[in-house]
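If you count the sequence shown from 1, you need to add 65 to reach the working numbering. Working notes, structure below.
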Amino acid sequence: MKLCRFLVGATLLAIGLTAGHEPAQAGNSTLGTITFLRGDALRAKQGTHWEPIKEKTAVFQGDKLKTKEGARLEATLADGSKLRLGGNSELNLQQVSFGKKSKAKKKVSVKLVVGRVWASVTSLFGSDSKFEVTSPNAVAGVRGTRFAASLGDDGSTTVKVYAGNVLVSNQPIYAIKGHTKANRVEVAGPQEIAKDAWEEMVAGAMKMVQVAANGEMTAPQEFQMAATEDDDWEQWNSERDKLAGISE
C-alpha cells in the first residue's frame, strides 16, 4: 500500500505573516495561528489528549486539529499560507520548517485524516522547499496555489485546483527523488499500485481529478463553484481568500 503524489504549480500574491498568541512549546517552532473559528474545534498538542481551542491559539509541529460538525477553522501559517478545515475534519501538522529570510526554503507537511482541507499557499523558493498535503491515497505538493482535497467514504480522494496547474501522479512517493523507503507511510484502505500502472495527468485551474482507493485516476474534468444552502464551502473559502488579499 503506497501513497501517490500531486505536484502543483502557480503564482499567488504573498500575504502577511501572522504571529502566534501562545508561548512557544519548548524545543518547537510555531507553525501558525488559528485566525478564524466558527463552531467547535479541538487540538491535540503534539499528539496528546484533545482540548478545545479558540481564535488566536498558536499551533505547532506535531499538533492535530479536529473540527466538529458544522464548524469552520482557518490557520494562518508563519509564511502567510492558509489552511482551512470544514466540519468533521481532522488534520495532522506533521512537519514545519521556515527559514528566517523571506526567500529561505520552507518545508511543511500536513496530513488530512478525514474530511476536507483548503490550502492557499504562498510561493516556494528553491528546489528543497516543499508544502505537502497528504491523504490516505495521495500527496499534494503545492507551490503557490489555491487547492482543495476531500476524502470520500469509499476511500477516494478528490482534488480540485482553483488557481495554477497540478501534475497528478499515482507514483509512490518513496520512488520520487528526495524520498526513501525509510520515509514510506503505510495506510489502511488504498491498494498497492504496480510500477507499470504509474501514470501522470496535468490539470489546470478549475479542473478536478479523483483518485480511487486503488490508485486509479479519472481524467481532469472541469467543475464550477456552486454554493448551496447545505454547502457553502467553496464560497466561504473564496471570501476568506479575498479578505486576505489573495488574488484569483
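For glycine and all other residues, C-beta sits at the position ideal for the given N, C-alpha and C. Keep in mind it's a predicted model, so treat the numbers as computed, not measured.
{"Query": "Residue from 203, 130 and 210 with nearest C-alpha to residue 145", "Result": "210"}
{"Query": "Stretch-stretch touch, CB-based, cutoff 8 Å, three pairs: the stretch 125-142 with the stretch 94-112", "Result": "yes"}
{"Query": "Outcome for residue 92 when other beta-carbon atoms lying within 10 angstroms are tallied against a minimum of 16", "Result": "Residue confidence is low: residue 92 scores 46 on pLDDT, short of 50, so the model does not pin down where it sits. Its coordinate-derived value is still stated next. Exposed, by the Cβ-count rule."}
{"Query": "The stretch 284-294 in contact with the stretch 135-142 per 3-pair CB rule at 8 Å", "Result": "no"}
{"Query": "Residue(s) in a DSSP beta bridge with residue 99", "Result": "140"}
{"Query": "DSSP-derived helix/strand/coil call for residue 286", "Result": "strand"}
{"Query": "Which of helix, strand or coil DSSP assigns to residue 200", "Result": "strand"}
{"Query": "N- and C-terminal bounds of the beta strand (DSSP E) containing residue 215", "Result": "211-216"}
{"Query": "Rounded Cβ spacing between residue 147 and residue 105 (contact assumed at less than 8 Å)", "Result": "The Cβ separation is near 20 Å, so there is no contact."}
{"Query": "Sheet register partners of residue 298 (DSSP bridge)", "Result": "Its beta-bridge partners do not exist; DSSP assigns none."}
{"Query": "Supposed close pair residue 149, residue 183 - CB separation, criterion 8 Å", "Result": "4 Å"}
{"Query": "Cα-Cα separation, residue 96 to residue 196", "Result": "13 Å"}
{"Query": "Heavy atom of the ligand FMN within 7 Å of residue 176 beta-carbon", "Result": "Although the ligand FMN was asked about, the structure shown includes no ligands whatsoever."}
{"Query": "Nearest-angstrom Cβ-Cβ length linking residue 215 and residue 276, presumed shorter than 8 Å", "Result": "Not quite, the Cβ-Cβ distance comes to about 11 Å (not below 8 Å), so this is no contact."}
{"Query": "Contact under 8 Å by Cβ, residue 179 with residue 159", "Result": "no"}
{"Query": "Residue 177 vs residue 162 beta-carbon contact at 8 Å", "Result": "no"}
{"Query": "Residues that DSSP places opposite residue 275 in a beta bridge", "Result": "223"}
{"Query": "Residue 162 - partner residues in DSSP beta bridges", "Result": "172"}
{"Query": "Span of the beta strand (DSSP E) around residue 110", "Result": "Run containing residue 110: none; DSSP gives neither H nor E here."}
{"Query": "Under 8 Å between C-beta atoms of residue 198 and residue 273", "Result": "no"}
{"Query": "Interface flag, residue 276 vs chain C, CB-CB below 8 Å", "Result": "The structure shown has no chain C; it contains just one protein chain."}
{"Query": "The beta strand (DSSP E) enclosing residue 124, as first and last residue numbers", "Result": "123-125"}
{"Query": "Beta carbon of residue 203 nearer than 8 Å to that of residue 212", "Result": "no"}
{"Query": "Assigned secondary structure, residue 307 (DSSP; H/G/I helix, E/B strand, else coil)", "Result": "helix"}
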